[in-house]
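**Q** Protein chains in written order, with this note's numbering: chain A, 30 to 257; chain B, 10 to 53.
Using N, Cα and C, we set each Cβ at its ideal position, and we do this for glycine too.
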Amino acid sequence: MRKIDVVLLALVPVLAVALVVVVFGVTANERTQGLVQKIFYVHVPCHFAAFTAFGVTAWKSFRYLATKQLHHDRAAAASAEVGLLFVSLGLLSGMLWARPVWGIWWTWDLRLTTTFILWLIFVAYAILRRSVGDPERRAMLSSVVGLVAFLDVPVVYMANRVKASQHPAPVVGGDEGSGLAPGFALALSLGIVTILVSYVALVRARMRTEELAEQVELAAVQSSFEER
Amino acid sequence: MPLNLWWVVAAWILILGGVFAYGLAQLTRQKRLEKDLVRLRKTR
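(1) Could you name the residues of the same chain whose beta carbon sits closer than 8 Å to that of Gln-98 of chain A, not counting the 5 residues immediately before and after it, in chain order?
(2) Could you name the residues of chain B that Lys-67 of chain A contacts, counting a contact when the two beta carbons are closer than 7 Å?
(3) Going by DSSP, what residues sit across from Gly-63 of chain A in a beta bridge?
(4) Can Ala-20 of chain B and Ser-172 of chain A be called in contact, C-beta distance under 8 Å?
(5) Are at least three pairs of beta-carbons, each pair with one atom in the stretch 105 to 121 of chain A and one in the stretch 148 to 157 of chain A, less than 8 Å apart?
(6) So, with DSSP's three-state summary, where would you put Asp-138 of chain A?
(7) Below 8 Å, can you find three or more Cβ-Cβ pairs linking the stretch 229 to 241 of chain A to the stretch 35 to 45 of chain B?
(8) I'd like to know whether the C-beta atoms of Ala-104 of chain A and Lys-89 of chain A end up nearer to each other than 8 Å.
(9) Quick check on this structure: which residue in A:Val-245, A:Glu-256, A:Val-250, A:Gln-251 has the alpha carbon closest to the alpha carbon of Leu-46 of chain B?
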């Protein structure tokens with residue numbers, strides 16, 4: 030394992046502990062929701078990381094289509110898988126937040142529905158990758174899907190900006206009057222940094238796993254030829 | 010413990026646990042693949 034990967038993987042628990050200390054030890058409770066609002070500091074970063082991940086997938090898919098170099102496809106696939114992890118965690122943490130605050134686990138409002146569609150698209154992307162055996166055909170098909178799938182990201186982002194919904198209006202980058210108190214903004218920033226570092230560490234780990242799997246496959250083919 | 014705290018604890022454990030579990034799964038798989046690679050290269 031490369032030194033940078035060890036550093037990144039070691040940084041994740043350090044940042045996670047710092048985030049817990051800042052959110053639960055330093056940041057005040059929000060006035061209306063109280064303690065349960067602290068889910069915000071991990072829920073929002075999960076979606077932020079998922080959007081970043083799907084953006085990277087789209088860019089790497091485009092690079093594959095332009096150059097036909099398989100390492101771009103590997104990066105796109107790793108980013109999509111980690112993005113799917115984060116959008117799943119974002120949806121589940123949102124449900125755990127919705128239950129005490131709204132009294133329901135889920136509602137089909139625009140924000141939630143478009144996020145669920147995004148989740149479904151990347152589940153389909155994962156299924157597609159597992160069902161095509163030929164690496165070049167798999168890369169071609171999944172690059173097209175990875176590129177088109179990104180179109181849902183701005184739709185999710187705009188969903189509660191263009192139409193009032195059950196999901197709260199955005200507190201960051203929203204209308205006039207939106208925004209966070211400095212203490213809350215600091216905790217959210219640390220949450221975003223923690224989750225983004227986790228994203229980079231996990232994508233690099235996933236790519237390393239894929240590289241090793243390909244080496245094992247190649248070695249197995251070579252040894253079976255030599256046995257004949 | 011107040012009821013609200015359980016929701017917060019559950020969400021935080023889910024997210025941090027999910028990240029660590031995925032990372033650990035990758036590292037475990039890498040170890041297994043490295044062993045396979047060494048074994049396959051030895052048999053050649």
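**A** From the atom records:
(1) Cβ within range, chain order: Arg-92.
(2) Chain B residues near Lys-67 of chain A: Val-17.
(3) Answer by DSSP bridge pairing, in chain order: A:Glu-59.
(4) Cβ distance not < 8 Å, so Ala-20 of chain B and Ser-172 of chain A don't count as in contact.
(5) Inter-segment contact for the stretch 105 to 121 of chain A and the stretch 148 to 157 of chain A is present: three or more beta-carbon pairs are separated by less than 8 Å.
(6) Correct three-state label for Asp-138 of chain A: coil.
(7) Counting Cβ pairs under 8 Å, three or more are found: they touch.
(8) Cβ atoms of Ala-104 of chain A and Lys-89 of chain A: closer than 8 Å.
(9) Taking each of A:Val-245, A:Glu-256, A:Val-250, A:Gln-251 in turn and checking the Cα distance to Leu-46 of chain B, the smallest one comes out for A:Val-245.
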